[in-house]
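K.L.:
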Amino acid sequence: YRLFPGEPKWKKNTLTYRISKYTSSMSSAEVDKAVEMALQAWSSAIPLNFVKVNLGEADIMISFETGDHGDSYPFDGPRGTLAHAFAPGEGLGGDTHFDNAEKWTMGMNGFNLFTVAAHEFGHALGLAHSTDPSALMYPTYKYQHPYGFHLPKDDVKGIQALYGPRKTLPGKPTMPHLPPKKPSNPDLCDSNSPFDAVTMLGKELLFFRDRIFWRRQVHLTTGIRPSTITSSFPQLMSNVDAAYEVAERGAAYFFKGPHYWVTRGFQMQGPPRTIYDFGFPRYVQRIDAAVYLKEAQKTLFFVGNEYYSYDERKRKMEKDYPKNIEEEFSGVNGQIDAAVELNGYIYFFSGPKAYKYDTEKEDVVSVVKSSSWIGC
Amino acid sequence: APSLFAATSRTSRNNYHLAQAYLEKFYPKKGEHQVGEMVARGGNSMIRKIKELQAFFGLQVTGKLDQQTMNVIKKPRCGVPDVAN
Chain R
21 YRLFPGEPKW KKNTLTYRIS KYTSSMSSAE VDKAVEMALQ AWSSAIPLNF VKVNLGEADI
81 MISFETGDHG DSYPFDGPRG TLAHAFAPGE GLGGDTHFDN AEKWTMGMNG FNLFTVAAHE
141 FGHALGLAHS TDPSALMYPT YKYQHPYGFH LPKDDVKGIQ ALYGPRKTLP GKPTMPHLPP
201 KKPSNPDLCD SNSPFDAVTM LGKELLFFRD RIFWRRQVHL TTGIRPSTIT SSFPQLMSNV
261 DAAYEVAERG AAYFFKGPHY WVTRGFQMQG PPRTIYDFGF PRYVQRIDAA VYLKEAQKTL
321 FFVGNEYYSY DERKRKMEKD YPKNIEEEFS GVNGQIDAAV ELNGYIYFFS GPKAYKYDTE
381 KEDVVSVVKS SSWIGC
Chain Y
93 APSLFAATSR TSRNNYHLAQ AYLEKFYPKK GEHQVGEMVA RGGNSMIRKI KELQAFFGLQ
153 VTGKLDQQTM NVIKKPRCGV PDVAN
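Protein chains in written order, with the numbering used here: chain R, 21 to 396; chain Y, 93 to 177.
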């Protein structure tokens, strides 16, 4: 990685940004989303937060420009130069411009706005171009998949050289900056590998772990089939954090980092949304587990050693939460990786163990190996 | 100028101009052209810049506008210079 001469950086830990001019090739909501995700890629690695403003001057002014647009760096029409940004500082400092002559998209066609924006915001925060071809700050365009994106190591080193690391927050103790571990030939019955998420989906139970998920009929322990997550849920790719289904609504919810997807069966219903729709505080950046309680019509979300309760009828987070998990669910030890309600019992999955919890007795009534649920 | 070409053709002339504009934009040198200073068009400074570009992108450093170098020059990219000035 390389820094600019004099190593300019922002001296405050909350920056404002404003999109003053949009492009016609994407909806403004899509542009907002791509910009938010691109900034999130950096804020997950350093103690910097970004606040969107819609009026007046912001630290980072973002706009789509054509040809000569008054900053002595005219754009050159389709291809060639795609965008540029200015190093941290007052006035133009941090400002980011995109060539409006390009075809900007959220996909792999044209030029992916998330990919280019994430690169330019590296400049806006103080990084120069890197000679490492795998780095986001390498000068030439290379498509990056926006969902589940992890900053490459070279960029993490560079930006943390300027701002230091972000202290990890409550939630799954994963290292968000390292690409997910790719087991070469995973032992599917490895009892030490926890499930990432468990949910009902229609008549089947789904177990998620890394890049794989298992489907099983609730009452059968035979015929349990592993397959890759991308084969059924391409947008999810891998490492689902949590999942639950509201059967009477015919909808299931899948969580990854600060985003969630809604499906009907295996059909994605639109782009990902933000978990803050549910009313989580901003410091929650990921969910460990979720379980829908059919009778109460409430969904419990587990984060670190606390849990929240969301009223699905009122579509509102309940007051007086979060609460401590161990105080409310005696007998369930360790971080909760996944949870699912079946026949009135809640099954908590924590590491190698699965606890059967009786909500009436308010106690654990049996403990089995997690992997026994997938026939191991 | 002929020594820069790996091949001779109209394409090469176009490549030369494209490369020249690219190098001026992304590999400027601080205080390179003093006002009034006489510099031969192209000449050593261009070869030096080509070498700088090839080193930056991990290409074989030849100082020539060979195919690999031209492939990099034609790729869509960020407008911030590779060498900060």
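All residues carry an ideal CB built from backbone N, CA and C; glycine is no exception.
Treat the numbers as computed from the prediction; the structure is a model and nothing was measured.
When you check each C-beta in the stretch 146–174 of chain Y against every C-beta of chain R, which residues fall closer than 9 Å?
P.N.:
Ala147, Phe148, Phe149, Gly150, Val164, Lys166, Lys167, Pro168, Arg169, Cys170, Gly171, Val172, Pro173 and Asp174
K.L.:
Count the C-beta pairs between the stretch 360–374 of chain R and the stretch 323–335 of chain R that are closer than 8 Å, then say yes if the count reaches three, no if not.
P.N.:
no
K.L.:
Does any residue of chain Y have a CB that is nearer than 9 Å to the CB of Leu102(R)?
P.N.:
yes
K.L.:
Closest by CA to Gly324(R), which one among Gln317(R), Met337(R), Asn344(R) and Val311(R)?
P.N.:
Asn344(R)
K.L.:
Can you find the residues in the same chain that come closer than 6 Å, C-beta to C-beta, to Tyr93(R), ignoring five residues on each side of it along the sequence?
P.N.:
His104
K.L.:
Say whether chain Y places a C-beta atom closer than 9 Å to the C-beta of Val136(R).
P.N.:
yes
K.L.:
What are the residues in the stretch 146–172 of chain R lying within 8 Å of chain Y by C-beta distance?
P.N.:
Ala148, His149, Thr151, Pro153, Pro159, Thr160 and Tyr161
K.L.:
Would you check if the distance between the CB atom of Ser370(R) and the CB atom of Gly351(R) is smaller than 9 Å?
P.N.:
no
K.L.:
List in chain order: all unbroken beta strand (DSSP E) runs of 3+ residues lying wholly within the stretch 296–355 of chain R.
P.N.:
DSSP runs (the beta strand (DSSP E)) wholly in the stretch 296–355 of chain R: 309–313, 318–323 and 326–331.
K.L.:
Counting C-beta neighbours from all protein chains within 10 Å, is the total for Ala217(R) 16 or more, i.e. buried, or is it exposed?
P.N.:
buried
K.L.:
Is the stretch 68–78 of chain R close to the stretch 26–40 of chain R, with three or more CB pairs under 8 Å?
P.N.:
Segments in contact, yes.
K.L.:
Under 8 Å from any heavy atom of the ligand SAM, does the C-beta of Val175(Y) make it?
P.N.:
With respect to small molecules bound, the structure shown includes none, and the ligand SAM cannot be examined in it.
K.L.:
What span of residues does the beta strand (DSSP E) with Arg235(R) cover, start to end?
P.N.:
Ile232 to Gln237
K.L.:
Which residue wins for smallest C-alpha separation from Lys381(R), given the options Leu362(R), Tyr264(R), Ala358(R) and Phe349(R)?
P.N.:
Phe349(R)
K.L.:
Kindly confirm or deny that the stretch 386–396 of chain R and the stretch 104–111 of chain Y touch, where touching means at least three C-beta pairs closer than 8 Å.
P.N.:
no
K.L.:
By a C-beta neighbour count over all protein chains shown, 10 Å radius and 16 as the cutoff for buried, is Gln146(Y) buried or exposed?
P.N.:
buried
K.L.:
For Asn259(R), count the other beta carbons within 10 Å of its own beta carbon; 16 or more makes it buried, fewer makes it exposed. Which is it?
P.N.:
Asn259(R) should be labelled buried.
K.L.:
Would Leu198(R) be called buried (16 or more neighbouring beta carbons within 10 Å of its own) or exposed?
P.N.:
In this predicted model, Leu198(R) has a pLDDT of only 42, less than 50, meaning its place in the structure is not dependable enough to derive any value.
K.L.:
Does the CB of Lys117(Y) have a neighbour CB from chain R at under 9 Å?
P.N.:
yes
K.L.:
Can you tell which of Ile232(R), Ser252(R), Asp96(R) and Glu224(R) has the C-alpha that lies nearest to the C-alpha of Val240(R)?
P.N.:
A small correction: the amino acid at residue 240(R) is Leu; Val does not occupy that position in the sequence shown. Comparing Cα-Cα distances from Leu240(R) to each of Ile232(R), Ser252(R), Asp96(R) and Glu224(R), the minimum goes to Glu224(R).
K.L.:
Can you give me the start and stop residues for the alpha helix (DSSP H) that His139(R) sits inside?
P.N.:
DSSP places His139(R) in the uninterrupted alpha helix (DSSP H) bounded by Leu133 to Leu145.
K.L.:
Considering only residues of the same chain and omitting the five flanking positions on each side of Phe215(R), which have a CB-CB separation below 7 Å?
P.N.:
Phe227, Phe228, Arg229, Asp357, Ala358, Phe369 and Ser390
K.L.:
Under a three-way DSSP split, which group does Leu59(R) fall into?
P.N.:
helix
K.L.:
Would you give the residue range spanned by the beta strand (DSSP E) that Ala263(R) belongs to?
P.N.:
Ala262 to Val266
K.L.:
Taking 9 Å as the CB-CB limit, is Ala105(R) close to chain Y?
P.N.:
yes
K.L.:
Could you pull out every residue in the same chain whose Cβ sits closer than 6 Å to the Cβ of Pro67(R), ignoring the five residues on either side in sequence?
P.N.:
Asn33 and Arg186
K.L.:
So is Glu85(R) buried or exposed if we call it buried at 16+ other beta carbons inside 10 Å?
P.N.:
Here Glu85(R) is buried, its C-beta having at least 16 other C-beta atoms within 10 Å.
K.L.:
Taking DSSP as the reference, what is the three-state secondary structure of Trp30(R)?
P.N.:
coil
K.L.:
Which residues, in order along the stretch 76–100 of chain R, keep a beta-carbon less than 8 Å from a beta-carbon of chain Y?
P.N.:
Here the close residues are Tyr93, Phe95, Arg99 and Gly100.
K.L.:
Expressed to the nearest angstrom, what Euclidean distance is found between the alpha-carbon atoms of Ala138(R) and Leu156(R)?
P.N.:
One C-alpha to the other measures close to 8 Å.
K.L.:
On the DSSP bridge list, what partners appear for Pro246(R)?
P.N.:
Trp234(R), per the DSSP bridge assignment.
K.L.:
For a cutoff of 9 Å on Cβ pairs, would you count Phe141(R) as touching chain Y?
P.N.:
no
K.L.:
Report the neighbours of Phe131(R) on chain Y: residues whose CB is nearer than 8 Å to its CB, in chain order.
P.N.:
Pro168
K.L.:
Check the Cβ-Cβ distances between Asp119(R) and every residue of chain Y, and say whether any is below 9 Å.
P.N.:
yes
K.L.:
So what does Ile39(R) bridge to, in DSSP terms?
P.N.:
Ile82(R)
K.L.:
Quick check on the burial criterion: 16 or more other C-beta atoms within 10 angstroms. Buried or exposed for Asn136(Y)?
P.N.:
exposed
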